[in-house]
Amino acid sequence: MLEIKNAIAAKIVEKLKELNPNVTMDVSEAAAMLEYPPDPKMGDLALPCFKMSKTMRMAPVKIAATIAEGFDLDVVERAEAVNGYFNIFLNAQKLSEKVVGEVLEKGDKYGAPTFGEGKTVVLDYSSPNVAKPFHIGHLGTTVIGHSLKMLHEFAGYKCVGINYLGDWGTQFGKLITAYRLWGSKDKIEEGGVDALVELYVRINNAITEDSTLADQARAEFRKLEEGDEENLKLWKWFIDISLEEYQKTYAQLNITFDSYKGESFYTDKMPAQVQKLRDMGLMKIDDGASIVDLEEYGMPPCLILKRDGSTLYPTRDIAAAVYRKQTYDFDKAIYVTSAGQSLHFAQWFKVVELMGYDWYDKLVHVPYGTVSINGEKLATRTGNVILLRDLFALAIEKVAGIMEEKNPNLEGKEKIAEQIGVGAVVFYYLSNNRIRDINFVMEDALSFDGNTGPYVQYTYARTCSVLSKSAGYDRDAALTITAPEEGELVKVLSRFEENVREAIDTYEPSVITRYILDVAGAYNRFYHNCSILGAENEAVKNTRLKLTEAAKTVLGNAFGLICLAKTEKV
Ligand code: ARG
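For any residue, its number in our numbering is found by taking its place in the sequence shown, counting from 1, and adding 672.
1. If you reduce the DSSP assignment to three classes, tell me which class residue 873 lands in.
2. Taking the C-alpha atoms as reference points, what is the distance between residue 1059 and residue 1098?
3. Quick check on the burial criterion: 16 or more other C-beta atoms within 10 angstroms. Buried or exposed for residue 854?
4. Please name the residue, chosen from 914, 958 and 1199, that lies closest to residue 1136 on a Cα-to-Cα basis.
5. Is it a yes or a no for the region 765-782 touching the region 1164-1175, going by three-plus beta-carbon pairs under 8 Å?
6. Judging by CA-CA distance, which residue of 836, 981 and 840 is the nearest neighbour of residue 1006?
7. Can you find the residues in the same chain that come closer than 6 Å, C-beta to C-beta, to residue 1160, ignoring five residues on each side of it along the sequence?
8. DSSP state of residue 942, grouped into three classes?
9. Return the chain-ordered ranges of every alpha helix (DSSP H) run that is complete within the region 900-986 and spans a minimum of 4 residues.
10. Taking C-alpha atoms, which residue in 1004, 990 and 1041 lies nearest to residue 1013?
11. Residue 1220: which of 738, 1124, 773 and 1169 sits nearest, CA to CA?
12. What do you reckon, are the CB atoms on residue 842 and residue 874 nearer than 9 Å?
13. Using only CA atoms, which one of 701, 799, 1131 and 697 lies nearest to residue 677?
14. Does the Cβ of residue 1011 lie closer than 8 Å to at least one heavy atom of the ligand ARG?
15. Around the Cβ of residue 1209, are there at least 16 other Cβ atoms within 10 angstroms (buried) or fewer (exposed)?
16. Between the beta-carbon of residue 1112 and the beta-carbon of residue 921, is there less than 9 Å?
17. Evaluate residue 800 with the Cβ neighbour count: other Cβ atoms within 10 Å of its Cβ, from every protein chain shown; 16 or more gives buried, anything less gives exposed.
18. Quick check: is any heavy atom of the ligand ARG less than 8 Å from the C-beta of residue 838?
19. With C-beta atoms as the reference, is residue 630 less than 9 Å away from residue 823?
20. Using the three-state DSSP reduction, which class does residue 895 fall into: helix, strand or coil?
21. If you draw a straight line from the alpha carbon of residue 926 to that of residue 883, how long is it in whole angstroms?
22. Suppose you measure from the CA of residue 887 to the CA of residue 904; what does that come to, to the nearest Å?
23. How about residue 1179 and residue 816: are their beta carbons less than 9 Å apart?
24. Indicate the three-state DSSP secondary structure (helix, strand or coil) for residue 1007 in the structure shown.
25. Helix, strand or coil for residue 1029 per DSSP?
26. Rounded to the nearest angstrom, what separates residue 954 and residue 961 at their Cα positions?
27. Could you have a look at residue 747 and say whether DSSP puts it in helix, strand or coil?
28. Could you tell me if the beta carbon of residue 800 falls within a distance shorter than 8 Å of some heavy atom in the ligand ARG?
29. Return the CA-CA distance between residue 893 and residue 848, expressed in angstroms with no decimal places.
30. Quick one: what's residue 618 bridged to in DSSP?
31. Quick check: the Cα distance between residue 1138 and residue 1205, rounded to an integer number of angstroms?
32. What is the rounded straight-line gap between the Cα of residue 751 and the Cα of residue 686?
33. Thinking C-alpha only, which one of 1003, 831, 1015 and 1061 is nearest residue 1035?
34. Is it the case that the region 759-769 contacts the region 706-719, given that we only count it when at least three CB pairs across the two stretches are under 8 Å?
35. Look at the alpha carbon of residue 1068 and the alpha carbon of residue 1092, and state the distance between them as a whole number of angstroms.
36. Please report how far the alpha carbon of residue 645 lies from the alpha carbon of residue 830, in whole angstroms.
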């Protein structure tokens, strides 16, 4: 559709120039002004002429009428001026030839912009804190982060996904102390990350009653920092155990990372940045701590060193950003975290700017809202947090139950139940604008006939089933468009790239989930109203199979952008 929009826009500009040679509007501006009318009676595309009426000193009605007069273009069926709008109706046959041809030719590249080619994006996401629970608060960073990675990769960027593990800090002193007091190798090996979390919760409780334990924990952490062999061994082991657990969740989501360099990696990279801050006179001592004053910028100070000289969260982020710039020479560095960390990012981004790093404006924080859960009590061993793993497990179990009723003989049903259960959670979560706080209602997420993951995955499976029931189709045969639902489906398919661009521009995977619903809706209307395998003749049948293939391709490509599995059978 972008190409068509540009062709129409070029024609519009040409007409406007005829009307007034001083018009400065260029083609891309005109293309950006083209809208999709909410009511198809008003055309497939429309240009509102109100804004330009000011600069052109001419009534919108007159401008629209002038453009419409004798407007002819290959894919345009007719064009008309109505109340200051220039409305364009596309020729369904020609549009279909163009769009379906392109989808089938480009396949898994259909809809991909190319503006990222030759550029690198570094994405910091998921990043759980080792030995603390991997809970539903991490759902956002994990799936939004990965979707943004897929979107950028689709647009040609080289992407580096970094899991910036919270693998350093006083919690390890606590954990080591707790392990020595109450833990054992067997218990941890058996209980995995849960056993670690249990130890962590236990020591935190114990510390409130016996403060010497806190001193002990601090001492253990100091020993770790000094490279004590025993403590280092325990520390590494705790990380491995935690990672093993996270990997299970990542595997369910089909997520992999390119780097697991966590906070600990930057220990020896911080002093240089601290020194630079000092040398540049940016650091101030405040009540013993070292800070960068940001009052001028309307923010509280950024903490660099605690009173005892130890480093802090912003210190590490600054050192990590410098390292990543040197290592990957990124064009963009994206950080996906809860909106609760927005101030932290605004602060240290500012510090990076003050330090004179000219890439400060390539740092992007992508915040998201909170998640709460309604109606389902998820038992956890860790108090009031809900583990991501348990949320997925519950969804999978429910889907398996539904499938057992609907289709008990389905081959590979366990894997499918997992894909649909996880997909339901992901799709539900990504259906909202990321910044909104969401309330998770499992029943809604799992419904097969709402705007849900199961519904769109089911639609994908439907396209597969139609194609596999057919004896194939002739790719090269011409299309014969006969029903309005065919043209409507094609129009939706034609908008894929625009949606991809918008999702990238706004860091908003929900643009893709909404688009997937549009495609699924259009395909299902087509499916219900147009007989495919029983079509009236071979030409129509072949056309409908090609449309099915095109819908399958677009759905599949879009699923790939939001961690949704392509379920061929449901
Ligand atoms: N580990 C942190 C947490 O769980 C998130 C890290 C985000 N990334 C960063 N570069 N600060 O809250």
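We put the beta carbon where it would ideally sit given N, CA and C, even for glycine.
Here's the rundown:
1. It is helical.
2. Rounded to the nearest whole angstrom, the C-alpha separation of residue 1059 and residue 1098 is 15 Å.
3. Exposed, since its Cβ has fewer than 16 Cβ neighbours within 10 Å.
4. Shortest Cα-Cα distance from residue 1136 to any of 914, 958 and 1199 involves 1199.
5. Yes: the two stretches touch, three or more of their Cβ pairs being nearer than 8 Å.
6. Comparing Cα positions, the closest option is 836.
7. 1194.
8. Three-state result, residue 942: helix.
9. The region 900-986 contains these whole alpha helix (DSSP H) runs: 901-925 and 942-951.
10. Out of 1004, 990 and 1041, 1041 has the C-alpha closest to the C-alpha of residue 1013.
11. Closest by alpha carbon: 773.
12. At a Cβ-Cβ threshold of 9 Å, residue 842 and residue 874 do not count as neighbours.
13. Checked all of 701, 799, 1131 and 697; the closest Cα to residue 677 is 701.
14. Here the distance from the Cβ of residue 1011 to the nearest heavy atom of the ligand ARG is not below 8 Å.
15. Counting the other Cβ atoms within 10 Å of the Cβ of residue 1209 gives fewer than 16, which makes it exposed.
16. Pairing residue 1112 with residue 921 gives a Cβ-Cβ distance that is not under 9 Å.
17. Buried, by the Cβ-count rule.
18. True, at least one ligand heavy atom lies under 8 Å from that Cβ.
19. Any answer about residue 630 is impossible in this case: the structure gives the chain only from 673 up to 1242.
20. In the structure shown, residue 895 falls within a helical segment according to DSSP collapsed to helix, strand and coil.
21. Across the structure, residue 926 and residue 883 are spaced so that their CA atoms are roughly 44 Å apart.
22. C-alpha separation (whole angstroms): 19 Å.
23. Yes, they are a contact pair.
24. Reduced to three states, the DSSP call for residue 1007 is strand.
25. Here residue 1029 sits in coil by DSSP.
26. When rounded, the distance between both Cα atoms is 13 Å.
27. Coil.
28. Yes, the beta carbon of residue 800 sits closer than 8 Å to at least one heavy atom of the ligand ARG.
29. Rounded to whole angstroms, residue 893 to residue 848 spans 8 Å at the Cα level.
30. No statement about residue 618 is possible, as the shown extent of the chain runs from 673 to 1242 and does not include it.
31. Using only the alpha carbons, I get a separation of about 8 Å.
32. When rounded, the distance between both Cα atoms is 16 Å.
33. With distances taken between Cα atoms, residue 1035 lies closest to 1003.
34. Cβ pair count under 8 Å is three or more, so yes.
35. Their backbone Cα atoms lie some 7 Å apart in a straight line.
36. This structure does not reach residue 645, given that the chain is present from 673 up to 1242, and the question cannot be answered.
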